[in-house]
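S.K.: There's a structure below that I have some questions on.
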Amino acid sequence: MTPWRYSPEVPVALEELLREPAFHLRLLVEPPDRRTLARPIAWAHSSDLPDPTPWLEPGQLLLTDGAHFADRTDDAFAVEYVRRLVEADVLALGFATEILHAAVPAELVAACRAAGLPLLEVADRTPFMAIIRHIADARELERRQRLERSLEAHRAVARAALRPDGLRAILDELERRLDAWVVLLDPAGLPLDAPRTAMPDAVRDDVVAAVRQAMGRGLRAAIRVDSPAGAFTVQTIGRRGALRAALAVGGDAPLDRAETDLITSVIALASIALEQTSELDGAREALRRALLELLLSGEVEVARRTAAQLAIPVPRGSAVRVLAVPAEPGGGAVIARAGGLAVRRDDRVVLLVEERRSDAAVRVLTDAGLSAAVSEAVPWSALAEALRQAEWLLRQGVPAGTARSFGDEADRGLHGLLVRGDGALVAAALLAPATRDEEGRQLLESARVWLQHNGAFEPAARELGVHRHTLRARMAQLGRLLGLDLDRFADRAELFSAMRLLPPV
3 MTPWRYSPEV PVALEELLRE PAFHLRLLVE PPDRRTLARP IAWAHSSDLP
53 DPTPWLEPGQ LLLTDGAHFA DRTDDAFAVE YVRRLVEADV LALGFATEIL
103 HAAVPAELVA ACRAAGLPLL EVADRTPFMA IIRHIADARE LERRQRLERS
153 LEAHRAVARA ALRPDGLRAI LDELERRLDA WVVLLDPAGL PLDAPRTAMP
203 DAVRDDVVAA VRQAMGRGLR AAIRVDSPAG AFTVQTIGRR GALRAALAVG
253 GDAPLDRAET DLITSVIALA SIALEQTSEL DGAREALRRA LLELLLSGEV
303 EVARRTAAQL AIPVPRGSAV RVLAVPAEPG GGAVIARAGG LAVRRDDRVV
353 LLVEERRSDA AVRVLTDAGL SAAVSEAVPW SALAEALRQA EWLLRQGVPA
403 GTARSFGDEA DRGLHGLLVR GDGALVAAAL LAPATRDEEG RQLLESARVW
453 LQHNGAFEPA ARELGVHRHT LRARMAQLGR LLGLDLDRFA DRAELFSAMR
503 LLPPV
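Just so you know, the sequence shown maps onto residues 3 to 507 in my numbering.
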C-alpha cells in the first residue's frame with residue numbers, strides 16, 4: 003500500500019514545466035542547487051509591476067512580459083528588481099519573449115545569475131494563462147485525490163471497527179495508512195495494544211513521559227514531541243476527568259490535516275471500544291468476585307461449572323495456592339498471563355492458581371517486576387486460610403520483582419518475623435534503661451545467663467560465680483529498671499525476646 007501522506011503543496015515542479023513542450027520554456031539561469039527545480043510550485047502569478055512582491059507568496063512562479071523593462075535597462079534597476087523577488091522567496095521568474103522583447107534583457111540575466119534566481123524564457127508567445135491553468139488543474143487533481151483517499155481511509159477504519167477484534171483492527175489500519183508506528187498506552191505509559199510495527203526502543207522513555215504528562219492533566223490533549231531519538235504525537239482518549247488511554251503515533255513529519263482527521267476518527271472509535279471494554283471488565287470482575295465467594299463457601303464444583311460457562315479460568319486439582327499482588331497500573335495483562343482466577347480486592351489482586359503451576363505463575367509476575375506474596379498449598383476447604391496468609395504477607399511488604407512465601411516465613415518462626423519487622427526498635431526501647439551505663443549492662447548479662455538456664459537461679463549463679471540470692475536481687479533490680487515482673491512467665495518471655503533481637507552490648 004502506498005504510504006498515506008500527502009503534501010499540502012501543488013505537485014508541479016519547475017522541471018516538470020520545462021519538460022512540457024507546449025509551453026516552449028527554456029532555462030536561462032539554473033539555480034545553485036539543482037534540487038530547486040524539483041521544488042513544488044505553490045502558484046503562478048503574472049505581473050509587469052516594478053515591485054510585485056506585495057502580491058506574491060513564497061514558492062510562487064512569477065511570469066512577466068517585461069513591460070517595466072521597456073524603458074529601464076540599466077543594471078541597477080535589474081539588480082534591485084531581482085533582489086526584491088529573492089527576498090520574497092519567489093521560486094523562479096518567467097520572462098516572455100516575442101511580445102514586448104525579442105530576447106530577455108542581458109541585465110536581467112546577469113542579475114538573476116548573481117542572485118541565484120532561476121530564470122525561464124517563455125518563448126513563442128506562450129499564453130501565461132495556459133501555464134497558470136496547468137498548475138491550477140494539477141492542484142485541483144491533487145485536492146480530489148487527497149479527498150478520495152481520505153474518504154477511503156475513513157471507510158477502511160469504519161470497516162475495521164466492525165471486526166471482532168475491532169480495537170486492534172482499527173489501530174492496524176491506522177498504521178498502514180500513515181506508514182508509521184502506532185501504539186495504544188494506558189495512563190502509566192504501558193502498552194495496551196500495538197499493531198505490527200513496534201515502537202522504537204530509542205523513543206520509549208520519551209513516549210512514556212509524554213503520555214504521563216498528558217494523562218496527568220486529566221484533560222483531552224495532543225502533544226507533539228520532537229526528541230533526538232525521534233518525533234511522535236500523543237493524543238489522549240476519553241472524556242475530561244475520565245481519560246482511558248493515549249494514542250502515540252510516530253513520524254518525523256508533522257501530521258497534515260487529512261491525517262489528523264483520520265486519527266480523530268480512530269480516537270473516537272477507540273474511546274467507544276475502551277468504554278465498552280471497561281464496562282465488560284467491570285461485569286467480569288463482579289463475576290470473578292462471585293466465583294471467589296462460592297469457592298470460599300465450599301461450593302467448588304458449582305463454581306467450576308459456572309466459570310466454565312463464562313470462560314473464566316478456575317484452577318483444577320485438589321490443592322491450590324493464593325498469590326497476592328499489588329494492584330498496579332498495567333499489571334492486569336501480566337496477571338492474566340500468569341493464569342488462574344484473578345480477583346481485585348481493594349488495593350491488591352488475589353490470584354488462585356493450581357499448586358503445580360504456582361511456581362510458573364510466580365515467575366511470570368516477578369519477571370515483569372511485580373511483587374507476589376504466596377500462601378501455602380492448601381485443599382479447597384482451607385482456601386480462606388490461604389487467602390489470609392497471602393494478604394497478610396503482602397501487607398508486611400514484598401519488594402518489587404520478588405516473591406515471599408508464607409511457608410518460608412512460618413519455618414523461620416515468630417522470631418524471624420520480629421527481626422524482619424520493627425521488633426528491634428521495640429526491643430531497644432524496652433532495654434534502653436539498662437543499656438545506658440555499665441551497671442545496667444552487667445544486669446543484662448546476668449539475665450542472659452539466667453534465661454539460658456531456663457530461669458533457674460542455682461545453676462545460673464554458679465556460672466556467674468555469685469550466690470543465688472545475689473542473682474535474685476539482680477533480677478529484681480533489673481525488673482524494676484525495665485518495668486517488668488520477672489517472676490511472671492510473660493515478662494520473662496518479653497525480656498528474652500528483646501535480648502535476642504538486640505546484639506550484646
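All residues carry an ideal CB built from backbone N, CA and C; glycine is no exception.
Unbroken alpha helix (DSSP H) runs of length 4 or more, entirely within the stretch 235 to 304: which are they?
M.R.: Segments of the alpha helix (DSSP H) lying fully in the stretch 235 to 304: 259 to 298.
S.K.: With three or more C-beta pairs closer than 8 Å as the rule, is the stretch 150 to 157 touching the stretch 100 to 109?
M.R.: Taking 8 Å as the limit for Cβ pairs, the verdict is that the stretch 150 to 157 does not touch the stretch 100 to 109.
S.K.: Can you tell me where the alpha helix (DSSP H) holding Phe97 begins and where it ends?
M.R.: On the sequence shown, position 95 is the one that residue 97 refers to. Careful: Phe97 lies outside any alpha helix (DSSP H), inside the beta strand (DSSP E) at Ala94 to Ala98.
S.K.: DSSP puts Ile225 in a beta bridge; with which residues?
M.R.: Counting from one through the sequence shown, the residue named residue 225 turns up at place 223. Answer by DSSP bridge pairing, in chain order: Val236.
S.K.: Within the continuous beta strand (DSSP E) that includes His47, where are the two ends?
M.R.: Numbered from its first residue, the sequence shown carries residue 47 at position 45. It spans Ala46 to Ser48 - the beta strand (DSSP E) in which His47 sits, taken as one unbroken run.
S.K.: Going along the chain, which residues of its own chain have a beta-carbon closer than 7 Å to the beta-carbon of Glu465, five neighbours each way excluded?
M.R.: The count along the sequence shown starts at 1 and reaches residue 465 at position 463. Excluding residues within five positions, the ones whose Cβ falls inside 7 Å are Val451.
S.K.: In its own chain, which residues sit with a C-beta less than 8 Å from the C-beta of Pro317, not counting the 5 before and 5 after it?
M.R.: Numbered from its first residue, the sequence shown carries residue 317 at position 315. Within the same chain, Pro317 has close Cβ partners Gly342, Leu343, Leu354, Val355, Glu356 and Arg359.
S.K.: Using a Cβ-Cβ cut-off of 6 Å (strictly less than) and excluding sequence neighbours within five positions of Ala171, which residues of its own chain qualify?
M.R.: The residue given as residue 171 occupies position 169 in the sequence shown. So the list reads Ala162 and Arg165, once near-sequence residues are dropped.
S.K.: Which residues mark the beginning and the end of the alpha helix (DSSP H) in which Arg41 is found?
M.R.: Numbered from 1 along the sequence shown, position 39 holds the residue referred to as residue 41. From DSSP, Arg41 is part of no alpha helix (DSSP H); its letter is neither H nor E.
S.K.: Where does Ala386 fall in DSSP's three states?
M.R.: Numbered from 1 along the sequence shown, position 384 holds the residue referred to as residue 386. Ala386 falls in the helix class under three-state DSSP.
S.K.: Checking contacts by CB at 9 Å: is Asp349 closer than that to chain C?
M.R.: Annotation note: the requested chain C is absent from the structure, which comprises a single protein chain.
S.K.: Count Cβ pairs between the stretch 32 to 39 and the stretch 69 to 76 that sit closer than 8 Å; are there 3 or more?
M.R.: No: the two stretches stay apart, fewer than three of their Cβ pairs being nearer than 8 Å.
S.K.: Is it true that the CB of Gly457 sits closer than 9 Å to the CB of Arg482?
M.R.: The residue given as residue 482 occupies position 480 in the sequence shown. The residue given as residue 457 occupies position 455 in the sequence shown. Going by C-beta atoms, Arg482 is not nearer than 9 Å to Gly457.
S.K.: If you follow the beta strand (DSSP E) that Val352 is in, where does it begin and where does it stop?
M.R.: Looking up residue 352 in the sequence shown gives position 350. Per DSSP, Val352 belongs to the beta strand (DSSP E) from Arg350 to Glu356.
S.K.: Determine the direct distance from the alpha carbon of Leu372 to that of Gly333, and round the result to whole angstroms.
M.R.: Start at 1 with the first residue of the sequence shown, and residue 333 comes out as number 331. Start at 1 with the first residue of the sequence shown, and residue 372 comes out as number 370. If you take the alpha carbons of Gly333 and Leu372, they lie about 8 Å apart.
S.K.: When burial is assigned at 16 or more other CB atoms within 10 Å of the CB, is Arg246 buried or exposed?
M.R.: Translated into positions along the sequence shown, residue 246 becomes position 244. Under this definition Arg246 is a buried residue.
S.K.: What residues in its chain sit with their C-beta under 7 Å from that of Tyr8, if we drop five residues either side in the sequence?
M.R.: As a first step, residue 8 must be located in the sequence shown, where it is residue number 6. In this predicted model, Tyr8 has a pLDDT of only 33, less than 50, meaning its place in the structure is not dependable enough to derive any value.
S.K.: May I ask you to report which of helix, strand or coil DSSP gives Arg74?
M.R.: For the purposes of this step, residue 74 is taken as the residue at position 72 of the sequence shown. Looking at Arg74 - three-state DSSP - the assignment turns out to be coil, as it is neither helix nor strand.
S.K.: Rounded C-beta distance between Leu509 and Leu122? I'm assuming under 8 Å.
M.R.: Residue numbering for the chain in the displayed model covers 3 to 507; residue 509 lies beyond these limits and cannot be assessed.
S.K.: Is it a yes or a no for the stretch 268 to 276 touching the stretch 200 to 219, going by three-plus beta-carbon pairs under 8 Å?
M.R.: As far as the Cβ criterion goes, the stretch 268 to 276 does not touch the stretch 200 to 219, which means the pair count is below three.
S.K.: Can you check DSSP and say which residues form a bridge with Glu123?
M.R.: Numbered from its first residue, the sequence shown carries residue 123 at position 121. For Glu123, which the question treats as bridged, DSSP gives the partners Arg28 and Phe97.
S.K.: With H, G and I counted as helix, E and B as strand and the rest as coil, what does DSSP make of Gly191?
M.R.: The sequence position of residue 191 within the sequence shown is 189, counting from 1. If DSSP states are grouped into helix, strand and coil, Gly191 belongs with coil.
S.K.: Using the three-state DSSP reduction, which class does Ala321 fall into: helix, strand or coil?
M.R.: On the sequence shown, position 319 is the one that residue 321 refers to. In the structure shown, Ala321 sits in a strand (DSSP, three-state: E or B).
S.K.: Give, in chain order, every unbroken run of the alpha helix (DSSP H) that is at least 4 residues long and sits entirely within the stretch 432 to 477.
M.R.: Listed in chain order, the complete alpha helix (DSSP H) runs (minimum 4 residues) inside the stretch 432 to 477 are 440 to 454 and 459 to 466.
S.K.: Identify whether His417 lies in helix, strand or coil by the three-state DSSP scheme.
M.R.: Position 415 of the sequence shown, counting from 1, holds the residue named residue 417. With a pLDDT of only 46 at His417, under the threshold of 50, the placement of this residue in the model should not be trusted; the figure read from the coordinates follows. It is helical.
S.K.: Classify Val213 as helix, strand or coil using the three-state DSSP reduction.
M.R.: Looking up residue 213 in the sequence shown gives position 211. Three-state result, Val213: helix.
S.K.: Which word fits Thr66, buried or exposed, when buried means at least 16 other C-beta atoms lie within 10 angstroms of its C-beta?
M.R.: The count along the sequence shown starts at 1 and reaches residue 66 at position 64. When all chains shown are included, Thr66 counts as buried.
S.K.: Out of Asp349, Ala363 and Val322, state which residue places its alpha-carbon closest to the alpha-carbon of Ile337.
M.R.: The count along the sequence shown starts at 1 and reaches residue 337 at position 335. Ile337 has its Cα closest to that of Ala363, out of Asp349, Ala363 and Val322.
S.K.: Using a threshold of 9 Å, state whether the C-beta atoms of Leu488 and Met501 are closer than that.
M.R.: The count along the sequence shown starts at 1 and reaches residue 488 at position 486. The count along the sequence shown starts at 1 and reaches residue 501 at position 499. For Leu488 and Met501, no; Cβs fall outside 9 Å.
S.K.: List the whole-angstrom C-beta distance separating Ile134 from Ile43, where the pair is believed to meet the contact cut-off of C-beta under 8 Å.
M.R.: Working through the sequence shown from its first residue, we reach residue 134 at position 132. Working through the sequence shown from its first residue, we reach residue 43 at position 41. Going by Cβ atoms, the distance from Ile134 to Ile43 rounds to 10 Å, so no, they are not a contact pair.
S.K.: Just reading off the beta strand (DSSP E) that Val376 is part of, what are its end residues?
M.R.: Here residue 376 refers to the residue found at position 374 of the sequence shown. Ala374 to Val376 is the span of the beta strand (DSSP E), which, as asked, contains Val376.
S.K.: Rounded to whole angstroms, how far is the Cβ of Met201 from the Cβ of Val185, which I believe are closer than 8 Å?
M.R.: Position 199 of the sequence shown holds residue 201. Position 183 of the sequence shown holds residue 185. Rounded, the Cβ-Cβ distance is 5 Å, consistent with contact.
S.K.: Would you mind reading off the limits of the beta strand (DSSP E) that contains Arg219?
M.R.: Mapped onto the sequence shown, residue 219 falls at position 217. That residue, Arg219, is in no beta strand (DSSP E); it is neither H nor E in DSSP.
S.K.: What's the gap between the Cα of Leu453 and the Cα of Arg406?
M.R.: Looking up residue 453 in the sequence shown gives position 451. Looking up residue 406 in the sequence shown gives position 404. Spanning the two alpha carbons is a distance of roughly 33 Å.
S.K.: So, is Ser377 buried or exposed, given that buried needs 16 or more other C-beta atoms within 10 angstroms?
M.R.: For this step, residue 377 is matched to residue 375 along the sequence shown. Per the 10 Å Cβ criterion, buried.
S.K.: Does DSSP put Ala492 in a helix, in a strand, or in coil?
M.R.: For the purposes of this step, residue 492 is taken as the residue at position 490 of the sequence shown. Note: Ala492 maps to helix in three-state DSSP.
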